[in-house]
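Position 341 of the sequence shown, counting from 1, maps to 456 under our numbering, and the rest follow consecutively.
Yeah, the Cβ is synthetic: ideal placement off N, Cα and C, and Gly gets one too.
Read through the structure below, which is laid out as structure tokens, and then see the notes.
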Amino acid sequence: MTRPLLPAVVLFLSSLAAPHIGYAQTFKVEKFDIKGDGGTDYVAVESATGRVFVSRGNHMMVVEGPTGKVLGDIQTPINVHGAGIATKAGHGFTTNGGDSTVTMFDLKTLAVIKQIPVMQGGLDGIMYDEPDDKIILTNHSRPIGTLTAIDPKSGDIVGTAELEDNSPEGAAADGKGHIFVNNERKNTIQVIDVKTWKATASWPLAPCEGPTGLAYDRSSDRIFSGCNNTSVVVDPNTGKVVATIKNGTRVDALGWDPSRKLIFIPNGGEGNVTVVHQDSPDKYTTVATVDTFAGAKTIAVDPATHNAYLFQPERGPAPAPADGAPAAKGKGRGPQGPIVAAWFIVIKQ
């Protein structure tokens, strides 16, 4: 059901100009409260329609990107992580960590077609590999992580690759028969051959720590890996880090606008996005730090509109622990406060 939106919060942000290359950029930020229950993980954009798919715990909200208008909702099993969009096939897919399935749905009606079991488990990341026409999953399987390929037309699983790390994150294809995968714990990129579904190389990413989001640019033949504090650029011909980018913390995705040569790195810890211009394949200049919202750590960029999208719920105070209850320890433990706003954030150029 479509819910009314709060008025947009609009900010005009000046860039940090790079006078030596004559490049400057100004961004407009809009925030919409799209309501709804549930936390979040990834957002995904369908460039053909401008729709954005926002994960919300046990459902996937569908939002009109430029306006923040809620268009629909897809019911999924619990702990949905992200969406992969195969426009030509007319199908979308979600990764459901709660029961190790993928939900396949119709892009026009948003109706669920079927649930696809993935026996390796640990479902998390998902992307559409357009050159190879495959939906790619990166699974936090145990004891070893896996990459799974799905035919976007039939929903059949057509390939599985074993990885060296049980925390694989972002993936990207080069259109030359390779898929690159970030390994968050080992701080490496692995190369997967799409014909054999075998890993053929592993590249260390130092000084990167905790690589998550990944993008590949065909025109410059470079890989961009989003990391905490220092992101890196990799030459896929040698596996070497050729440039570093200073950014913030709690990075869990990375956006790339190929026509405008802009990298978007979401810093959940600081509540902002580092925007970087590719001056040449091995040279990068930070042009802006755009304020968003604390905790917003994933992002999707629409190459057609050049908009970047993030999402983060805002919570009120957590309830006090019951009398005599032990204090919660560790990340993510203990009760959370109620959601008081569900911020859908649009960065426009």
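Item                                                                                                                                              : Value
Quick one: what does DSSP say D195 is sitting in, helix, strand or coil?                                                                          : Note that residue 195 is Val in the sequence shown here, rather than Asp. V195: strand per DSSP, three-state reduction.
Considering Cα atoms alone, identify which of D350, G386 and A358 is closest to T364.                                                             : G386
To the nearest angstrom, how far is it from the Cα of L186 to the Cα of V177?                                                                     : 5 Å
In chain order, what residues of the same chain lie with their CB nearer than 7 Å to the CB of S215, ignoring the 5 residues before and after it? : P232, V233, G236 and L238
Buried or exposed for K313, please, with buried defined as at least 16 other CB atoms from any protein chain shown within 10 angstroms of its CB. : exposed
In whole angstroms, what separates the C-alpha of I149 from that of N302?                                                                         : 35 Å
Rounded to whole angstroms, what's the CA-CA distance from P453 to R171? Just pull it up for me.                                                  : 14 Å
Exposed or buried, which one is I136 when buried takes at least 16 other CB atoms within 10 Å?                                                    : Note on I136: pLDDT 46, under 50, position unreliable in the model; the coordinate value appears next. By the 10 Å Cβ count, I136 comes out exposed.
Taking only the alpha-carbon atoms, compute the straight-line gap between V461 and V160 and give it to the nearest angstrom.                      : 12 Å
Evaluate the contact criterion for the segment 290-307 versus the segment 272-281: three or more CB pairs, one atom per stretch, below 8 Å.       : yes
Is R337 helix, strand or coil when you go by DSSP?                                                                                                : strand
Which runs of the beta strand (DSSP E) at least 3 residues long sit entirely within the segment 293-349? Give them in chain order.                : 293-298, 303-308, 313-319, 329-332 and 337-340
Give the range of the beta strand (DSSP E) segment to which K355 is assigned.                                                                     : K355 to K361
Return the residue from the list T345, R337 and D266 that minimises the CA-CA distance to G325.                                                   : T345
Starting from K398 and walking both ways along the beta strand (DSSP E), at which residues does that stretch end?                                 : K398 to D406
State the beta-bridge partners of V160 as determined by DSSP.                                                                                     : V167
To the nearest angstrom, report how far apart I378 and G328 are at their CA atoms.                                                                : 11 Å
For the beta strand (DSSP E) containing D239, name the first residue and the last one.                                                            : L238 to D244
Rounding to the nearest angstrom, what Cα-Cα distance links A358 and I228 in this structure?                                                      : 44 Å
What do you reckon, are the CB atoms on T407 and Y157 nearer than 7 Å?                                                                            : no
L369: which of A423, F459, Q190 and I251 sits nearest, CA to CA?                                                                                  : A423
What does the alpha-carbon distance come out to for the pair R375 and P351?                                                                       : 22 Å
Measuring straight from C-alpha to C-alpha, what distance separates W318 and D248?                                                                : 25 Å
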